[in-house]
Amino acid sequence: MIKVDTGKLQNLKYTESGIKRYEKTMLDYSGRLLDQSQRCAEVRRSSGDEVEITSEHVQQAVRIISSDFRIDAPPKWKIWSQVAEYILSGLIGFLGSKASSDDAPKYYLLFFIICLGLVVILFVIRSTNK
Numbered sequence: 188m189i190k191v192d193t194g195k196l197q198n199l200k201y202t203e204s205g206i207k208r209y210e211k212t213m214l215d216y217s218g219r220l221l222d223q224s225q226r227c228a229e230v231r232r233s234s235g236d237e238v239e240i241t242s243e244h245v246q247q248a249v250r251i252i253s254s255d256f257r258i259d260a261p262p263k264w265k266i267w268s269q270v271a272e273y274i275l276s277g278l279i280g281f282l283g284s285k286a287s288s289d290d291a292p293k294y295y296l297l298f299f300i301i302c303l304g305l306v307v308i309l310f311v312i313r314s315t316n317k
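For the sequence shown, the numbering used here assigns the number 188 to the initial residue and increments by one for each residue that follows.
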């Protein structure tokens, strides 16, 4: 359906693998655009009429296809991990201020250290996972 000018791509310093990927992408996209344009035209046609694909149908197909390229939302566990980091950070501040006083129970310091360790672990896990 689409002919790719490989000579021009070679002049632009595309590698052989880059040229193959470019051709495959163009062929896949053109096939998808053709199918989606036909679907858009079929949906809007009157019963008994032949399917006629207009520029409006092609534009609608482009919008539908390009909406698939949106950025994916972060996984839910990352959001909950960040919420836990914030809560634990607040708890660290509270425990740190209370544990520094002379009459504070010893377990305040223990909870402070545990919360600090958990925040660091959660942050590292969340930051290193894509």
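Quick reminder that beta carbons are idealized off the backbone N, C-alpha and C, glycines included.
A quick note: this is a predicted structure, and the numbers were derived from the prediction, not measured.
| Check | Outcome |
| --- | --- |
| Spatial neighbours of residue 302 within its chain, please: C-beta separation below 6 Å, excluding the five flanking residues on both sides. | 275, 278, 279 |
| Check for me: the alpha helix (DSSP H) holding residue 188 runs from which residue to which? | Unbroken run through residue 188: none, as it is neither H nor E. |
| Between residue 304 and residue 190, what straight-line distance do the alpha-carbon atoms span, to the nearest angstrom? | 58 Å |
| From residue 262 to residue 270, what distance separates their C-alpha atoms? | 13 Å |
| Helix, strand or coil: how does DSSP classify residue 312 here? | helix |
| Should residue 224 and residue 244 be called a contact, given that it needs their Cβ atoms to be closer than 7 Å? | yes |
| Could you give the residue range of the alpha helix (DSSP H) that holds residue 277? | 263-286 |
| Residues in its own chain within less than 6 Å of residue 251 by CB, not counting five upstream and five downstream? | 223 |
| Please return the same chain residues whose Cβ sits closer than 6 Å to the Cβ of residue 229, not counting the five positions on each side in sequence. | 238 |
| Is it buried or exposed for residue 299, if we count other Cβ within 10 angstroms and need 16 for buried? | buried |
| What are the boundary residues of the alpha helix (DSSP H) that includes residue 208? | 203-231 |
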